[in-house]
Amino acid sequence: MSPGELSSVQLEELHQLLLVECRDLECQLQRSEEGAKPVQLGTPIGRLSRMDAIQQQEMTRAGRLTLETKLRQVRSSLDAYGRGVYGVCRFCEEPIGYHRLKARPEAPFCLACQDRRET
Ligand SMILES: [Zn+2]
């Protein structure tokens, strides 16, 4: 095993983290669904509270987008796990490393590639 590659114990630990994360995100998305419904313009709630409601809704929507993106990454990591390629950077195909995955089990890229993509 080369340095950076995951032992089977580490792999299973990260797999469990992903499963928990997946359920958690699905749950959060379900809960926020109610808040993301369009504001009823006909509802007599007054101008200020309507603006509040719209603002609240924008925040909920932005939050949902973040959750959805993360859920996609978690699912795709679970898929990679199923294919036996989990923990490998999708760009350079080097091992992502246990410590990075422990902090972000859904990370699709190694730190170097992530940095390169963000700059
Ligand atoms: Zn990489």
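Mapped onto this note's numbering, the consecutive letters of the sequence shown carry residue numbers 82 to 200.
Just so it is clear, CB atoms sit at the ideal spot from N, CA and C, and this is done for glycine as well.
In the structure shown, Val166 adopts coil according to DSSP, grouped into three states. With contacts defined by Cβ atoms closer than 8 Å, Pro189 and Arg171 form a contacting pair. The set of residues with a C-beta under 7 Å from any non-hydrogen atom of ligand 1 comprises Cys170, Phe172, Cys173, Glu175, Phe190, Cys191, Ala193 and Cys194, given in chain order. If you look at Lys118, you'll find it isn't in any alpha helix (DSSP H); DSSP assigns it neither H nor E. Per DSSP, the continuous alpha helix (DSSP H) segment holding Leu182 begins and ends at Tyr179 to Ala184. If you look at Arg197, you'll find it in the alpha helix (DSSP H) that goes Leu192 to Glu199.
Contact check for Val155 against Glu102 passes: the beta carbons are separated by less than 8 Å. Burial state of Cys108 is exposed, judged by a 10 Å Cβ sphere holding fewer than 16 other Cβ atoms.
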